[in-house]
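In the numbering used here, the protein residues as written are -11 to 71.
Backbone N, C-alpha and C define an ideal beta-carbon position, used for all residues, glycine too.
All values reported here derive from a predicted model rather than from experimental measurement.
Single-structure report; data block below.
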C-alpha cells in the first residue's frame, strides 16, 4: 500500500500490525487477551520504504510517499478493525 499522508500511513500501519499478528504485548495489569485468528498477511519487509534522492529530484511529490507491502496468506479474512 502506498500512502501520501501521515494519517493514511498510521491507518495502514495499524491495519498491517493487527493483521500480521504482531500486536504489541498487553498490559501487565490486564488479563491476557488470546486471539485465536490466524494472521491474514505476512510483511514483505519491516517498516516503510521511501523514495530515493533520484526519485525525489525527478518527482518532488514523491517526498511524502511511503510504501508498506504485505502478502495475503491462506488464512480466512478477518472482520472489521476494532476502533
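- Ranked by how close their Cα comes to the Cα of residue 36, the residues 47, 43, 24 and 55 have 55 in first place.
- Per DSSP, the continuous alpha helix (DSSP H) segment holding residue 3 begins and ends at -6 to 7.
- In the three-state reduction of the DSSP assignment, residue 49 falls in the helix class, which pools H, G and I.
- Between residue 2 and residue 26 the beta-carbon gap is near 19 Å, outside 8 Å, which marks them as no contact.
- Note that the C-beta distance between residue 28 and residue 65 is below 8 Å.
- The alpha carbon of residue 9 has as its nearest neighbour, out of 15, 19, 16 and 24, the alpha carbon of 24.
- Distance from the CA atom of residue 43 to the CA atom of residue 50, rounded to whole angstroms, is 7 Å.
- Just measuring C-alpha positions, the residue of 7, 39 and 13 sitting nearest residue -9 is 39.
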